[in-house]
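A short write-up of the structure that comes next.
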Amino acid sequence: MRGNGKRDRFVVIGGGISGLSSAFYLLKQAKQRGRDALVTIVDPSERIGGKINTLKRDGFTIERGPDSFLARKTPIIDLAYDLGIENQLVGTNPKAKKTYILHHGKLHPMPPGLVLGVPTEIAPFAKTSLLSWGGKLRAMMDFVTPASKETGDESIGDFLTRRVGAEVMERVAEPLLAGIYAGELDKLSLASTFPQFRDAERKHGSLIRGMRANKRLAASTPAVATRLPDAVKNSMFLTFRGGLNTMLEALHESLERSGVEWKLGRKAAAFRQNDADEHGEDVAPYEVLLSDGEILEADGIVITAPAFDAADLLEPHMNVDALHAIRYVSVANVVMAFDKATLGIDFDGSGFVVPRSEGTTITACTWTSAKWLHSSPSDKVLLRCYVGRSGDEAVVDLSDNQMTEAVRRDIRNTMGITAEPLFTEITRLHHSMPQYPVGHLQETAKLRTKLRAQMPGVWITGAAFDGVGLPDCIRQGKEAAMGVYKSLIGDFK
Numbered sequence: 000m001r002g003n004g005k006r007d008r009f010v011v012i013g014g015g016i017s018g019l020s021s022a023f024y025l026l027k028q029a030k031q032r033g034r035d036a037l038v039t040i041v042d043p044s045e046r047i048g049g050k051i052n053t054l055k056r057d058g059f060t061i062e063r064g065p066d067s068f069l070a071r072k073t074p075i076i077d078l079a080y081d082l083g084i085e086n087q088l089v090g091t092n093p094k095a096k097k098t099y100i101l102h103h104g105k106l107h108p109m110p111p112g113l114v115l116g117v118p119t120e121i122a123p124f125a126k127t128s129l130l131s132w133g134g135k136l137r138a139m140m141d142f143v144t145p146a147s148k149e150t151g152d153e154s155i156g157d158f159l160t161r162r163v164g165a166e167v168m169e170r171v172a173e174p175l176l177a178g179i180y181a182g183e184l185d186k187l188s189l190a191s192t193f194p195q196f197r198d199a200e201r202k203h204g205s206l207i208r209g210m211r212a213n214k215r216l217a218a219s220t221p222a223v224a225t226r227l228p229d230a231v232k233n234s235m236f237l238t239f240r241g242g243l244n245t246m247l248e249a250l251h252e253s254l255e256r257s258g259v260e261w262k263l264g265r266k267a268a269a270f271r272q273n274d275a276d277e278h279g280e281d282v283a284p285y286e287v288l289l290s291d292g293e294i295l296e297a298d299g300i301v302i303t304a305p306a307f308d309a310a311d312l313l314e315p316h317m318n319v320d321a322l323h324a325i326r327y328v329s330v331a332n333v334v335m336a337f338d339k340a341t342l343g344i345d346f347d348g349s350g351f352v353v354p355r356s357e358g359t360t361i362t363a364c365t366w367t368s369a370k371w372l373h374s375s376p377s378d379k380v381l382l383r384c385y386v387g388r389s390g391d392e393a394v395v396d397l398s399d400n401q402m403t404e405a406v407r408r409d410i411r412n413t414m415g416i417t418a419e420p421l422f423t424e425i426t427r428l429h430h431s432m433p434q435y436p437v438g439h440l441q442e443t444a445k446l447r448t449k450l451r452a453q454m455p456g457v458w459i460t461g462a463a464f465d466g467v468g469l470p471d472c473i474r475q476g477k478e479a480a481m482g483v484y485k486s487l488i489g490d491f492k
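Each residue of the sequence shown is one higher than the one before, starting from 0 at the first, in numbering that gives the first Met the number 0.
This is the structure:
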């Protein structure tokens, strides 16, 4: 870090929620230390926010990317308070708590007590029509199956098959858990996605017993939600009344007030390290080269770009096999609006998920207007159908007409909906869902350790590393800001 009271200069590569959070907390760290900082955000898109994209149309609030977040994950709640938008938080409709699973072409309610696809209440689980008696009995073997003594990572699919059997894994857990990542459970890292499963097995000798204990503990622990407005304390999922763009707009306004520089529509093409002995201490340690030839000086760099772009930046400097191992899956969502009077259906839940074995185009359907009351006029209905997952991505590149036809066929077969939509909005998110391979945590930790040693002040973070949810990305942005300052000036506040 340059001396003489000069301004700290940071370049954040990526203008999604990870990059915006990194910038916000870099400025906050600087203020706490009484330092002056300039943050520049670089992104190839002309708009900020990455996958977050709220559309307002005809009285509807439509999310074209993520639509909500887990209330128990505090980083996003903390950010909402920092931005002064906590009063805009809204929860799900308390009358729409049911979720269904498609099985043999029919919607079956998920049995009460399921936690991430793991049964914690035996009686409802025994009564469900989703599973055969053989599948249910195999799941109960979890109580007597010894805990694994292996200490290494394994896939979610292998773990769940070992604990509760293939039928529960394929019919219940897979559509629930894989939907979060659009992935294949037999390829996704357990340690990087659901480490609480392994912890439950080790601590209690049984996945079911452990998840039941976790559920009781959560029920007896004062809610994270002590800082939440009373109106949303009992909701598992939250969003903002005006959509997730509420958070983007507040972040943009805050960053503008702090003098952030925006380099949108341009890509970070490369960066290089300056030699302090050759250039002197007043020369910034790094230079970032943009695609239009502009060079940005930087005391610290936070890379929040997708793993494949981060690999391009880092490969000239070090081995990036850990980044190349992170595949990305393309997905799409199809949102349809209807006049409620034309449907003749009262939705009593939030939607349904679809196992791979059903052979449908859609992987899930959210009954958005039932789940989020603010999203639709009261006499209208909004449905959001999800398309594409690992091993089934070609559907994402169908024409609009082909995709709409396939999705309408699925909702006709599953829900009997034949009405013509008022409108349809299709959003394609190419290469948007990172897939954490087995061993992901260890390999990316090694990469970060090497990076800190070779290029202090350069940090890689974002959805490719430690979680894909909005709160996870915000937490990582905050950690990046603290880590960069710690490496540059050697303190930690």
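Even glycine gets a Cβ: it sits at the ideal position worked out from N, Cα and C.
Fair warning: this is a prediction, and the values are worked out from it, not measured in the lab.
Closest by C-alpha distance to residue i, when choosing among the options
i: G387; options: P376, R408 and S431; result: S431
i: D378; options: G350, I344, T359 and S205; result: I344
i: Q178; options: V330, L88, V38 and V380; result: With the sequence shown as reference, residue 178 is identified as Gly, and Gln is not the correct amino acid for it. For G178, the nearest C-alpha among the options comes from V330.
i: G511; options: F59, V483 and K30; result: Because residue 511 is not part of the residues shown, which for the chain are 0 to 492, the question remains open.
i: K202; options: A217, H323 and P145; result: P145
i: R355; options: L176, T91 and M414; result: L176
i: E419; options: I410, R326 and P123; result: I410
i: V38; options: D7, V483 and E173; result: D7
i: L382; options: S147, F346, V437 and E404; result: F346
The beta strand (DSSP E) enclosing residue i, as first and last residue numbers
i: A495; result: Because residue 495 is not part of the residues shown, which for the chain are 0 to 492, the question remains open.
i: L421; result: Where L421 is concerned, there is no enclosing beta strand (DSSP E), given that its DSSP letter is neither H nor E.
i: P108; result: K105 to P108
i: Y493; result: The chain is shown only over 0 to 492; residue 493 falls outside these bounds and no answer can be derived.
i: V406; result: No beta strand (DSSP E) holds V406; the alpha helix (DSSP H) holding it covers D399 to M414.
i: E509; result: The structure shown does not extend to residue 509, since the chain is modelled only from 0 through 492, so no value can be given for it.
i: G156; result: Segment I155 to V163 is the alpha helix (DSSP H) holding G156; no beta strand (DSSP E) there.
Where residue i falls: helix, strand or coil (DSSP)
i: H278; result: Per-residue confidence for H278 stands at a pLDDT of 49, beneath the threshold of 50, marking its modelled position as unreliable; no derived number is given.
i: G482; result: helix
i: G2; result: With a pLDDT of 46 at G2, under the threshold of 50, the modelled position of this residue cannot be trusted; read the value that follows with caution. Coil, per DSSP.
i: S131; result: coil
i: G476; result: helix
i: A268; result: strand
i: L189; result: helix
i: E393; result: Residue identity differs from the one stated: residue 393 is Ala in this sequence, not Glu. Helix at A393.
i: G299; result: strand
i: E62; result: strand
i: H316; result: coil
i: A224; result: Any reading at A224 must be qualified, since the residue scores a pLDDT of 48, below 50, and its modelled position is unreliable; the value itself is stated next. If DSSP states are grouped into helix, strand and coil, A224 belongs with the helices.
i: K55; result: strand
i: L243; result: coil
i: R71; result: coil
Burial state of residue i (16 or more Cβ within 10 Å)
i: G134; result: buried
i: P194; result: exposed
i: S398; result: exposed
i: F337; result: buried
i: N318; result: exposed
i: Y24; result: buried
i: Y484; result: buried
i: R162; result: buried
i: P118; result: buried
i: A480; result: buried
Start-to-end residues for the alpha helix (DSSP H) that takes in residue i
i: T448; result: H439 to Q453
i: E538; result: With the chain covering 0 to 492 only, the question about residue 538 has no answer from this structure.
i: F9; result: That residue, F9, is in no alpha helix (DSSP H); its beta strand (DSSP E) goes D7 to I12.
i: E24; result: This sequence places Tyr at residue 24; Glu is not what is there. First-last of the alpha helix (DSSP H) with Y24: I16 to Q31.
i: T367; result: T367 to K370
Residue i CB to nearest heavy atom of the ligand SAH below 7 Å
i: G482; result: The ligand content of the structure shown is nil, which means the ligand SAH is not present either.
Quiz item: Does the stretch 3-18 come close enough to the stretch 34-46 that 3 or more CB-CB pairs lie under 8 Å?
Solution: With the cut-off at 8 Å, the stretch 34-46 and the stretch 3-18 touch.
Exercise. Please confirm if the stretch 152-163 is in contact with the stretch 181-189, defined as three or more CB-CB distances below 8 Å between the two stretches.
Key: Under the three-pair Cβ rule at 8 Å, the stretch 152-163 counts as touching the stretch 181-189.
Quiz item: Should the stretch 226-238 be called in touch with the stretch 257-276, which here means at least 3 C-beta pairs below 8 Å?
Solution: Segments in contact, no.
Practice problem: Evaluate the contact criterion for the stretch 348-362 versus the stretch 421-430: three or more CB pairs, one atom per stretch, below 8 Å. | Solution: These segments do not touch.
Practice problem: Indicate whether the contact test is met: 3 or more Cβ pairs, each with one atom in the stretch 105-124 and one in the stretch 362-369, closer than 8 Å. | Solution: No: fewer than three Cβ pairs fall under 8 Å.
Quiz item: So does the stretch 440-459 actually touch the stretch 313-328, counting three or more Cβ pairs closer than 8 Å?
Solution: Yes: the two stretches touch, three or more of their Cβ pairs being nearer than 8 Å.
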